[in-house]
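Right, one structure below, let's go through it.
Protein chains: 2
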Amino acid sequence: MNIKILLALLRNVTMKSFDKGEILIQVGSTKRDVYYIRKGLVRSYMVDEDVNEITFQIYAEHQVFTNAHSVLFNESSKFYYQTLEHTKVYIVDYNALLKLTSQNAELLELNRSYFGKKVIEQVFQRVESFVFLSPEERYKKFVQDNPKLIHRVPDKYIANVLGITPVSLSRIRNRISKKK
Amino acid sequence: MNIKILLALLRNVTMKSFDKGEILIQVGSTKRDVYYIRKGLVRSYMVDEDVNEITFQIYAEHQVFTNAHSVLFNESSKFYYQTLEHTKVYIVDYNALLKLTSQNAELLELNRSYFGKKVIEQVFQRVESFVFLSPEERYKKFVQDNPKLIHRVPDKYIANVLGITPVSLSRIRNRISKKK
DNA sequence: CTCCTTTCTTATCTTTAGTTAAGTGGACTT
DNA sequence: AAGTCCACTTAACTAAAGATAAGAAAGGAG
Chain A
1444 MNIKILLALL
1454 RNVTMKSFDK
1464 GEILIQVGST
1474 KRDVYYIRKG
1484 LVRSYMVDED
1494 VNEITFQIYA
1504 EHQVFTNAHS
1514 VLFNESSKFY
1524 YQTLEHTKVY
1534 IVDYNALLKL
1544 TSQNAELLEL
1554 NRSYFGKKVI
1564 EQVFQRVESF
1574 VFLSPEERYK
1584 KFVQDNPKLI
1594 HRVPDKYIAN
1604 VLGITPVSLS
1614 RIRNRISKKK
Chain B
1444 MNIKILLALL
1454 RNVTMKSFDK
1464 GEILIQVGST
1474 KRDVYYIRKG
1484 LVRSYMVDED
1494 VNEITFQIYA
1504 EHQVFTNAHS
1514 VLFNESSKFY
1524 YQTLEHTKVY
1534 IVDYNALLKL
1544 TSQNAELLEL
1554 NRSYFGKKVI
1564 EQVFQRVESF
1574 VFLSPEERYK
1584 KFVQDNPKLI
1594 HRVPDKYIAN
1604 VLGITPVSLS
1614 RIRNRISKKK
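Chains as they are written, first to last, in the numbering used here: chain A, 1444 to 1623; chain B, 1444 to 1623.
Below you can see the structure in the form of structure tokens.
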């Protein structure tokens, strides 16, 4: 990779720290920032008509997230993105990233293959888990895929991600532990 | 758009017709063909351990589908793609498409924005429907989004797509019609 | 047109999830 | 250290979904 482009890339990267509970992306935002989590935990969530918060996704260390509605569909964000712990992130403006990568075939491929794929792969697998698995199986898969997360993320958020209620999640846990 | 590139594009497009029930993409295939449905209906499905077919997605006229596992993740297909009616499609090899589009910024953007977005938008909305909606609400949304499909697609396939059983789908219909 | 297959519905029973509320245990505050 | 808040569990009830089977309706093949 061209060192000139690498330097240009680095110039566009910002490091930021956030306290627990801070909002990184607001609903309605059209910013096209791409976040890489160096340390910490972030969740995306929506607020429904009854003012309930519903968590859509959870992101941990080394994961990339972004205002997907803005980057992918040019719409404003439907989600809040909020830290669940003290969190340190690298931020790149997606437009700048695009400009840079379009100048370099290698980077372009990296951008497409890495960033795009990760996001899509995740979403795809998630649909599959809803179509093919029961809530209990989804929970088991979640634990398997994210063994460390269950101790760091409140159950109510995990329940939302699995598409069930916190009460139901608690019962599923109970059921599983009894079977053993 | 450059006419030379347009012609090159057309040289890479094949038109094909399939009878009802034919398999377009086999499980295990690594072919990177992109299909555009001119007329007809296609479903993607998996076969589980108990040899049950589980339908993952349904594609109709003017929709684009492809061996997503192969194109997006460089893996072999986990799904069969099968016609549900006599179906006419245009086929482009994705690799050829990539080569062509990379020579032309306009086409590149078209490819990214149109093909990519459509696929991703669909999957995203689908996850949202599982997280935020009940089975009954999912069914209503499906009818709203695909008013013509319900009369062309067997219920058991729709049930799979919604993540429920055919029996449950029948009951949901019954419930809805009684409420009116 | 009739027979056969497939799909859809209906019924019964069991299991699981949603809802609401009460109770328990931690963590944090003052 | 007592009180407050919040997350999680448990309980009781209702509603809905899964499984299985049987019957009705529709579609296709000969």
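Ideal Cβ placement from N, Cα and C applies to all residues, glycine included.
Nothing here was measured: the structure is a model prediction, and the numbers come from that model.
Chain-order list of residues whose beta-carbon lies under 6 Å from that of A/S1487 (same chain, five-residue window excluded): So the list reads F1499, Q1500, F1522 and Y1524, once near-sequence residues are dropped.
Output the distance between the C-alpha atoms of A/I1468 and A/K1474, rounded to the nearest integer angstrom. Looking at the two C-alpha atoms, the distance is approximately 8 Å.
In the DSSP assignment, find the alpha helix (DSSP H) that holds B/Q1500 and state where it starts and stops. It is not in any alpha helix (DSSP H) - B/Q1500 instead sits in the beta strand (DSSP E) that spans E1496 to Y1502.
A/K1482 in three-state terms, based on DSSP: The answer is strand: DSSP assigns A/K1482 an E or B state.
Pick out whichever of A/R1595, A/S1572, A/K1591 and A/H1594 has its Cα sitting closest to the Cα of A/K1584. Among A/R1595, A/S1572, A/K1591 and A/H1594, the Cα nearest to that of A/K1584 belongs to A/S1572.
Find the nearest neighbour of B/E1465 within the set B/H1505, B/Y1478, B/A1451 and B/V1485, judged by alpha-carbon distance. Considering only alpha carbons, the answer is B/V1485.
Look at the Cβ atom of A/V1535, then the Cβ atom of A/F1508, and state whether they are nearer than 9 Å. No, Cβ-Cβ distance for A/V1535 and A/F1508 is not below 9 Å.
Once the 5 residues before and after B/A1503 are set aside, which same chain residues still bring their CB inside 7 Å of it? If we look at B/A1503 and ignore the five residues flanking it on each side, its Cβ neighbours are I1480, L1484 and L1592.
Is any beta-carbon of chain B found at less than 9 Å from that of A/A1511? Using a CB distance cut-off of 9 Å, A/A1511 counts as an interface residue toward chain B.
Over the uninterrupted alpha helix (DSSP H) stretch that includes B/V1574, give me the two end residues. Counted as a single uninterrupted DSSP element, the alpha helix (DSSP H) harbouring B/V1574 occupies residues K1560 to F1575.
Let me know if A/N1538 comes out buried or exposed under the rule of 16 or more other beta-carbons within 10 Å of its beta-carbon. Classification for A/N1538: exposed.
Check whether the Cβ atoms of A/D1598 and A/S1613 sit closer than 9 Å, and answer yes or no. By the CB criterion at 9 Å, A/D1598 and A/S1613 fall inside the cutoff.
Flag B/K1584 as yes if its beta-carbon sits less than 9 Å from any beta-carbon of chain A, otherwise no. No, no contact with chain A.
Please report the distance separating the alpha-carbon of B/E1528 from that of B/S1513. When rounded, the distance between both Cα atoms is 25 Å.
Chain-ordered residues of the region 1499 to 1530 of chain B with a beta carbon less than 9 Å from chain A: Within the region 1499 to 1530 of chain B, the qualifying residues are F1499, Q1500, A1511, H1512, L1515, F1516, N1517 and K1521.
So is A/R1486 in contact with chain B if we call contact Cβ pairs under 9 Å? False, the Cβ-Cβ gap to chain B never drops below 9 Å.
A/I1563 versus chain B: which residues are under 9 Å apart at the beta carbon? For a Cβ distance threshold of 9 Å, residue set A1511, L1515, F1516, G1559, V1562, I1563 and V1566 of chain B lies close to A/I1563, ordered along the chain.
Along the alpha helix (DSSP H) that carries B/K1521, what are the first and last residues, could you check? No alpha helix (DSSP H) contains B/K1521, which DSSP labels as neither H nor E.
Rounded to whole angstroms, what is the Cα-Cα separation between A/N1603 and B/V1574? One C-alpha to the other measures close to 7 Å.
Determine, using beta carbons only, whether B/G1606 comes closer than 9 Å to chain A. Yes, B/G1606 counts as interfacial toward chain A.
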